[in-house]
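Just so we're aligned, residue 640 is where the sequence shown starts under this note's numbering, counting upward by one.
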Amino acid sequence: MNSRHTKTDTRLYIIGAGFAGQMIAGDIKRKKIFGHVAAFLDDNTALIGTQIDDIPVLGPINNMASLLRCGEEDEAIIAIPNAPVERIRTIYEALVKNGFLHIKILPSISQVVNGTAHLVQAREINPLDILGRTPIIIQLTKSLEYLNGKRVMITGAGGSIGSELARQLLSGGAERLYLFGHGENSIYQIDRELRMLQSEGVGQKATIVPIIGDMKDRSYMEYIISHTHCDVIFHCAAYKHVPMMEENPVAAIENNVFGTKNILDACIKYGVQRFVLISTDKAVKPVSVYGISKMLCEKLVLEASKQASGSQAYMFVRFGNVLGSRGSILPLFMEQIKNGGPLTVTDPAMKRFFMTIPEACSLVLQTGGVGENGISYLLDMGEPVSILELAEQIIRFSGFEPYRDIDIKITGPRRGERLLEPLWLPEETPASTKYPKILQLQNVNSLAYPLDTLLRQLEPVCFRMTGTQEKSYRNRELLIQILSKAVSSYAQFLEGGSNV
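Following this line, the structure appears as structure tokens:
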């Protein structure tokens, strides 16, 4: 979200004279502090040459250079929430060619699609909006009906996925929205943003409750789950940066695995109705400690589902990379461009499956409503994207030419990385559901021995024990040894198989 206030004499051009553009224009007119709308720009020949609320409609959009004389402070707002990526890219290029330095866009999210659009939702355009495929549009107001009047908790609510879930959940009609996280700054920021959105009329009037805590604290998690009376939990919290977790493997298992177990145990004990784990492609034939930790989280959810009763539903949703998440490739590339380059790519053949954060979150929310207890789900990520090509596209988006203005440096794969992350095991045999982009997986056992046996072995490494087990505490070599015996793909990787 972007809240930069423009001067009252700034000319604003709204691209798209449909309902979203008209609502934005009305918002600007009422507030009188964001500048004034000089014109709509549209391709609809029935509108071109007319006026809407005394604002002229000019067009077609691609001919704007002959229609306008853009000033340095002028701003464009793209208000076509259902436009495909290709069209947004064309409009963006035309705006840049015409000299616009300030370009905002309304995101293609349910608050816009379902008939409400607010200026506060507009944000600076970025590469996500013009790269990749067109995201699927989900009517969230309908798909979130299962949350109406419910108490919903998001763990890791300050993170990229958690915060976007929270934004979209404003349209869900939840009675309370609990924002749980370990970092006070990130929880403060999403709490403040949601309250600002509500004050501007976005979404419904859920009571927002920020909660600071650590999911590794078993007693605290039991206290929180019991006292909040949650109906639904979306579990996003995790340590997730692969190289960092390779340096801190015990912390990865302690937080991700035992933290998740703490939450699940409390959910079963106090009757939480629906639990949705956010999982990752790195859990498939894992070659990193982070990947193993997420695979074990998936197993924990399936074990918890066996204890669920009645209308309870415990499930996980697995997907690949999301474009723009904190610490991911896109923010890194943008920072490297800002510093003059070079952009760093680990291998020319490196590919990843990508989805935008809003699309992934919409699908997760939909899955949370239609998903069944003990069933595993996978988001259809489309075709994998070349990281090298992505770097070249982002350089061009920034107005430079790859290898001439900004160089790209090949650095070599980091520990725990593969050239392509598989999304599923062959034996999981993904099958279509009646919901677009949501696939169902067959549950398989990929551990060498039972989960509870493995957890008992890992516990003294993560938590200080008395007696003979005390020497196991924080022993990373012992941890690696235990994990390699339990997970064959990790053992193969350690033995030198780089692409298992």
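Note that CB positions come from ideal geometry on N, CA and C, so glycine has one too.
- Apart from sequence neighbours up to five positions away, the residues of its chain that approach Y1074 with a beta-carbon distance below 7 angstroms are Q1005 and V1009, ordered along the chain.
- Of the residues assessed, K938 falls on the buried side of the cut-off, its CB having 16 or more other CB atoms within 10 angstroms.
- E714 sits buried, since 16 or more C-beta atoms from the chains shown fall within 10 Å of its C-beta.
- Between the alpha carbons of E861 and V911 lies a gap of roughly 12 angstroms.
- In the structure shown, R991 falls within a strand segment according to DSSP collapsed to helix, strand and coil.
- By the neighbour-count criterion, in which 16 or more other beta carbons inside 10 Å mark a residue as buried, A756 falls on the buried side.
- According to DSSP, residue pairing for P1041 in a beta bridge involves I1045.
- Following the DSSP letters along the chain, one finds I694 inside the beta strand (DSSP E) bounded by residues I694 to L697.
- The three-state reading of DSSP puts H821 in coil, since its state is none of H, G, I, E or B.
- For P1099, the three-state secondary structure derived from DSSP is helix.
- Our two residues, E784 and C1101, have alpha carbons roughly 40 angstroms apart in a direct line.
- Nearest to C936 by C-alpha distance, out of S964, N960, Q951 and N901, is N901.
- Counting the other CB atoms within 10 Å of its CB gives Y817 a total of 16 or more, which places it among the buried residues.
- Three or more Cβ pairs closer than 8 angstroms define a contact, and the stretch 880-889 meets that threshold against the stretch 1048-1056.
- Rounded to whole angstroms, the gap between the alpha carbons of A1070 and Y652 is 46 angstroms.
- In this structure, the beta-carbon distance from V926 to F955 does not fall below 9 angstroms.
- Secondary structure note for V896: it is in no alpha helix (DSSP H), with a DSSP letter that is neither H nor E.
- Beta-bridge pairing by DSSP links N960 to F993.
- Look at the stretch 718-746 and you find these whole runs of alpha helix (DSSP H), each 4 residues long or longer: 724-736.
- The stretch 792-805 makes no contact with the stretch 774-783, as fewer than three CB pairs between them are under 8 angstroms.
- Under the criterion of beta carbons closer than 8 angstroms, A733 and N765 do not qualify as touching, at roughly 17 angstroms.
- Taking a cut-off of 8 angstroms on C-beta distances, the stretch 1087-1094 does not touch the stretch 1102-1115, as fewer than three cross pairs fall below it.
- Residue range S1015 to L1018 is occupied by the beta strand (DSSP E) that includes Y1016.
- Here R726 has I719 as same chain residues with Cβ atoms under 8 angstroms from its own Cβ, once five neighbours each way along the sequence are excluded.
- Within 10 angstroms of the beta-carbon of K844 lie fewer than 16 other beta-carbons, which makes it exposed.
- Annotation for S950: Q912 place their beta carbon closer than 7 angstroms to its own, counting only its chain and skipping 5 residues before and after.
- Going by C-alpha positions, T846 is about 27 angstroms away from T995.
- Taking 3 residues as the shortest admissible run, the stretch 856-913 contains the following complete beta strand (DSSP E) segments, listed from N- to C-terminal end: 871-874.
- The straight-line gap separating the alpha-carbon atoms of N1114 and Y909 is approximately 34 angstroms.
- Excluding sequence positions up to five before and after R965, its CB lies within less than 8 angstroms of the CB of G798 and S799, all in the same chain and listed in chain order.
- By the Cβ-count criterion, T794 is buried, with 16 or more other Cβ atoms from all chains shown falling within 10 Å of its own Cβ.
- Scanning its chain for C-beta atoms nearer than 8 angstroms, with the 5 sequence neighbours on each side dropped, one finds around I667 the residues L651, F673, G674, H675, V676 and L758, in chain order.
- Between V984 and L1027, the gap from beta carbon to beta carbon is short of 9 angstroms.
- Under a 10 Å Cβ-count criterion, R1103 is classified as exposed, with fewer than 16 other Cβ atoms of the shown protein chains found around its own Cβ.
- Residue pairing of I1026 in beta bridges, as defined by DSSP: absent, with no partner found.
- In the DSSP assignment, I667 falls within the alpha helix (DSSP H) that extends over F658 to K670.
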